[in-house]
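Residue numbers (my numbering): 169 to 445.
Below is the structure:
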């Protein structure tokens, strides 16, 4: 959002709202003046002032206690912040993006979020599905983290092996992108190879079902009868031909092919990898 906006050349700051102590909330977001409290040895900009003209991302905003939500609402409504220890409000021009790991309805039902703040933040809502439902995103994100941590730890990781790619797609990712990030970081730190293997990823639980039968091949794939008797042809070859037939039928659209074959997208990717398609 930031990179595609008119503010793309300005600063982007992120703050984890759940990690800020209540006593430092105002100082962290709105700044403070020298001498405002013990340890305030100099003036300090808050996140709002530091992001002025750019974008401020408030992550896990649902973790913010109710009594602090009013202070955040005031800053958003007035477009002004007052540093701790000052009586002068400062204008700020910031695009605010917020995120939470629970639904808007859940926040309302739990009476843990001010309706007026929710209304103020919810100008445009984007619901991001869990990573397990965004299979096409897994490998690009994994490659990004592999490059990031290879540079950070001065490693020489170049890519994932085919088996590692299949393992990444197959994993259920209950912790979403955060879990993927940690898995890649650990793998990059520990490996001594240029290619990451499944063993490096240590994905030992929460995997999707193993290779299941291809339920729709007989009914839907419409595979031509082989010239030789069925017994003379391996089941693997029949399955490969079935997948290729349906892929061609749908112009190699993975979603449509998986639906017709009665498979998940992950399972289809795995079978394509298996058959070299």
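Don't be surprised by glycine CBs; every beta carbon is placed ideally from N, CA and C.
- For residue 181, no alpha helix (DSSP H) segment is defined; the enclosing uninterrupted segment is the beta strand (DSSP E) at 180-184.
- The beta carbon of residue 193 sits closer than 6 angstroms to the beta carbons of 236 from its chain, once the five residues preceding and following it are set aside; these are given in chain order.
- If you draw a straight line from the Cα of residue 170 to the Cα of residue 350, it comes to about 24 angstroms.
- By the criterion of a C-beta distance shorter than 7 angstroms, residue 333 is surrounded in its chain by 307, once the five residues flanking it on both sides are discounted.
- Judged by DSSP secondary structure, residue 305 falls within the alpha helix (DSSP H) whose first and last residues are 303-320.
- Between residue 222 and residue 180, the beta carbon gap of about 6 angstroms places them in contact (Cβ cut-off 8 angstroms).
- Contact annotation: residue 313 and residue 338 have beta-carbon atoms that are not nearer than 8 angstroms.
- Taking 8 angstroms as the cut-off, the beta carbon of residue 328 is found closer than this to the beta carbon of residue 310.
- Look at the beta carbons and you see the region 239-248 touching the region 285-304: at least three pairs across the two are nearer than 8 angstroms.
- Residue 229 is a Cβ neighbour of residue 266, given a cutoff of 8 angstroms.
- Selection 262, 233, 226 evaluated against residue 174 yields 262 as nearest (Cα-Cα).
- With respect to the 8 angstroms criterion, residue 199 and residue 217 are classified as neighbours on the basis of their beta carbons.
- Here residue 362 really is in contact with residue 326; their C-beta atoms are around 5 angstroms apart, less than 8 angstroms.
- By the neighbour-count criterion, in which 16 or more other beta carbons inside 10 Å mark a residue as buried, residue 321 falls on the exposed side.
- Among the bridge pairs identified by DSSP, residue 328 is matched with 364.
- Annotated as distal: residue 411 and residue 357, with beta-carbon spacing of 8 angstroms or more.
- Excluding sequence positions up to five before and after residue 253, its CB lies within less than 8 angstroms of the CB of 200, 201, 202, 203, 204, 205, 208, all in the same chain and listed in chain order.
- When beta bridges are read from the DSSP output, residue 258 appears opposite 249.
- Within the DSSP secondary-structure output, residue 200 pairs in a beta bridge with 212, 252.
- Judged by DSSP secondary structure, residue 223 falls outside any alpha helix (DSSP H) and instead within the beta strand (DSSP E) spanning 223-227.
- Per the DSSP secondary-structure output, residue 266 pairs in a beta bridge with 226.
- Listed in chain order, the non-local C-beta contacts of residue 289 below 6 angstroms within the same chain comprise 266, local neighbours out to five positions each way being set aside.
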